[in-house]
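**Student:**
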Amino acid sequence: MERNDATIPTVAIVVAAFFWIVLLFAYSQQQVPGAAITAKVLMERSPIVPGHTGAAAELVDLFLATFTMVLTIYGVMGLYSVWAEGRELVPGVHRVHSGNLPLVAILSAMAMTIFCAVMFVRQIAIGLAGMNTQKPIDVTGEGIFAAGILLFLTVVLGLYKKYFMDSEVTVEDASGEFPW
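In this note's numbering, the protein residues as written are 662 to 841.
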């Protein structure tokens with residue numbers, strides 16, 4: 662039996678949450694003193710926009726944001742592995758028995774994917790129509806809906822693998838083909 666431990670991914674999520682807080686705090690210090698971080702402020706400006714701050718501070722912000730995203734993805738992947746495969750990996754073929762709730766969850770996530778896709782196309786059309794106007798175009802919505810498409814597709818694939826695909830756990834011994 663092999664252990665599938667959730668300790669390291671959980672620590673990665675906690676450290677990433679700390680770094681997200683540091684990023685938000687650093688961003689709030691770049692604003693007017695005493696100003697709160699609101700959704701409008703976050704949608705209009707970012708600390709990683711070129712020319713926003715000095716080059717050294719911008720590079721640090723970019724590195725911290727990238728490292729935080731990598732830690733978050735690593736933690737989510739590890740926790741998904743524990744959820745989808747269990748804590749104890751038992752060798753053999755494991756048959757799944759799905760019900761109606763996973764099917765409803767997949768259909769709901771697909772509906773949200775379609776909604777995000779429609780809104781993404783709408784934002785593109787609004788951006789194209791507003792290119793010749795004096796008012797600056799808000800392109801943040803396009804990124805949010807594109808991220809929503811990918812997020813909900815990921816949820817669909819994860820649920821499908823967990824509830825509708827049989828899995829097999831194999832164990833290789835010391836006499837395997839690969840010289841480890």
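Note that beta-carbon positions come from the ideal geometry of N, C-alpha and C, so glycine has one too.
Which same chain residues, not among the five before or five after Phe806, have their C-beta less than 8 Å away from its C-beta?
**Tutor:** Same-chain partners within the cutoff: Cys777, Ala778, Met780, Phe781 and Gln784.
**Student:** DSSP puts Gly753 in a beta bridge; with which residues?
**Tutor:** Here Gly753 is bridged, per DSSP, to Val830.
**Student:** The alpha helix (DSSP H) with Gln784 in it runs from where to where?
**Tutor:** Asn761 to Ala790
**Student:** Please list, in chain order, all residues of the same chain as Asp619 whose beta carbon is under 7 Å from its beta carbon, the five residues on each side excluded.
**Tutor:** Residue coverage of the chain in this structure runs from 662 to 841, which leaves residue 619 outside it and unanswerable.
**Student:** Rounded to the nearest angstrom, what separates Ala790 and Ile798 at their Cα positions?
**Tutor:** 10 Å
**Student:** Have a look at the DSSP bridge pairing and note the partners of Arg748.
**Tutor:** Answer is none; Arg748 lacks a bridge partner.
**Student:** Using the Cβ count rule (16 or more neighbours within 10 Å means buried), how would you classify Phe686?
**Tutor:** exposed
**Student:** Roughly how many whole angstroms lie between the Cα atoms of Ala745 and Met738?
**Tutor:** In a straight line, the C-alpha of Ala745 is about 10 Å away from that of Met738.
**Student:** Going straight from the alpha carbon of Thr668 to that of Glu749, what length do you get?
**Tutor:** 14 Å
**Student:** Would you report the Cα separation of Lys822 and Ala726, rounded to the nearest angstrom?
**Tutor:** 30 Å
**Student:** Report buried or exposed for Pro752, applying the criterion of at least 16 other Cβ atoms within 10 angstroms of its Cβ.
**Tutor:** exposed
**Student:** What residues in its chain sit with their C-beta under 7 Å from that of Tyr824, if we drop five residues either side in the sequence?
**Tutor:** Closer than 7 Å at Cβ, skipping near neighbours: Val757, Ser759 and Pro763.
**Student:** Note down the Cα distance separating Thr714 from Met771, rounded to an integer number of angstroms.
**Tutor:** Bear in mind that a pLDDT of 46 at Thr714, under 50, signals an unreliable position, so the number given afterwards is only what the model happens to contain. In a straight line, the C-alpha of Thr714 is about 40 Å away from that of Met771.
**Student:** Roughly how many angstroms lie between the CA atoms of Asn761 and Val675, to the nearest whole one?
**Tutor:** 33 Å
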